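Notes follow once the structure below has been shown.
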Ligand code: GUN
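In the numbering used here, the protein residues as written are 5 to 301.
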């Protein structure tokens with residue numbers, strides 16, 4: 005069997021088009037643009053790329069982008085003061101503090117300082133709690149993007165066996181909560197899981213989010229399963245000095261067995277920013293007390 009490729013790039017483009025249409029409606033109704041603030045502390049090169057792309061796509065969707073670039077020497081008090089200022093700014097609907105932060109700053113403390121109703125990353129404990137108990141709130145962008153791709157491919161997920169590999173706060177745990185909310189039977193596997201290949205082989209849905217290049221092999225996959233690869237790992241390329249991106253799944257062997265699989269790049273990656281823009285737009289509608297048809301997005 006050769007798996008169908010799940011085209012996250014195309015899906016993300018479609019989602020951004022819907023966001024752009026609704027952002028235009030929002031601007032007419034609220035007499036201002038929806039606004040997303042991004043805070044970058046220090047000069048991590050990968051974060052620079054993310055932040056630049058976020059800014060560009062925010063503007064391309066007709067929303068306002070407020071970028072705050074702070075030096076790596078920024079103190080805890082300075083960063084918390086900026087977050088507080090953004091919390092109070094009525095033109096800022098969503099706030100994202102780019103992670104990782106320099107080691108002297110406490111990420112959990114900074115996330116806790118963001119107003120939960122502007123926490124478009126869905127990282128605040130209030131939003132994690134809302135997700136756990138089934139209340140509306142903000143859901144982390146990458147797992148929400150994965151669920152959108154899964155529902156697009158499979159329709160109703162009810163009753164399916166899902167294995168999530170990885171238990172991070174950003175992907176693994178919210179992914180498990182979302183799949184549970186879709187009535188999947190969910191297993192969360194991690195570095196201490198015994199006989200991981202046997203656990204993965206039971207799954208109709210495999211979500212790999214461990215950050216280990218090509219760890220999940222084709223032999224582990226149940227024939228016809230849907231495989232979502234969240235990993236983005238840079239490894240040495242074929243030519244000396246060159247690198248290439250691979251996922252957490254060994255794509256060549258897994259696509260021989262799976263029914264459908266996300267490629268890296270071009271699978272889950274493009275979904276993250278598209279969902280972020282979607283979350284920021286939802287925040288804007290809520291902040292202005294305007295109706296948004298959630299089925300439209
Ligand atoms: N760093 C890498 N991805 C993300 C993300 O989705 N949100 C934040 N805040 N930081 C990140």
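Beta carbons: idealized from backbone N, C-alpha and C, even for Gly. What you are looking at is a predicted structure, and each value in this text was computed from that prediction instead of being measured.
With a cut-off of 6 Å, the C-beta of residue 74 is classified as distant from the ligand GUN, since no heavy atom of the ligand falls inside that distance. In the displayed model, residue 166 falls within a strand according to three-state DSSP. Inclusion of residue 252 and residue 216 in the CB contact set at 7 Å is warranted, their separation being smaller than that value. The three-state secondary structure of residue 203, taken from DSSP, is helix.
Only residues of its own chain outside the window of five on either side were considered, and among them 126, 135, 178 and 182 have a CB closer than 7 Å to the CB of residue 143, listed in chain order. Remark: three or more beta-carbon pairs, one from each stretch, lie closer than 8 Å, so the stretch 268–287 and the stretch 57–67 are flagged as touching. Residue 98: member of the beta strand (DSSP E) spanning 98–101, first to last residue.
Beta-carbon to beta-carbon, residue 33 and residue 296 are separated by about 10 Å, too far to satisfy the 8 Å threshold.
Contact check between the stretch 39–46 and the stretch 92–99: three or more CB pairs, one atom from each, fall below 8 Å, which counts as touching.
In this structure, the beta-carbon distance from residue 207 to residue 229 falls below 7 Å.
By a beta-carbon distance limit of 8 Å, residue 150 contacts residue 272. Their separation comes to about 6 Å. Counting along the chain, residue 73 sits inside the beta strand (DSSP E) bounded by residues 68–74.
Going by C-alpha positions, residue 226 is about 12 Å away from residue 265. Judged by DSSP secondary structure, residue 120 falls outside any beta strand (DSSP E); it is assigned neither H nor E. Between residue 190 and residue 166, the C-beta spacing is below 7 Å.
For residue 131, the enclosing alpha helix (DSSP H) has its first and last residue at 129–137. In the structure shown, residue 109 falls within a coil segment according to DSSP collapsed to helix, strand and coil.
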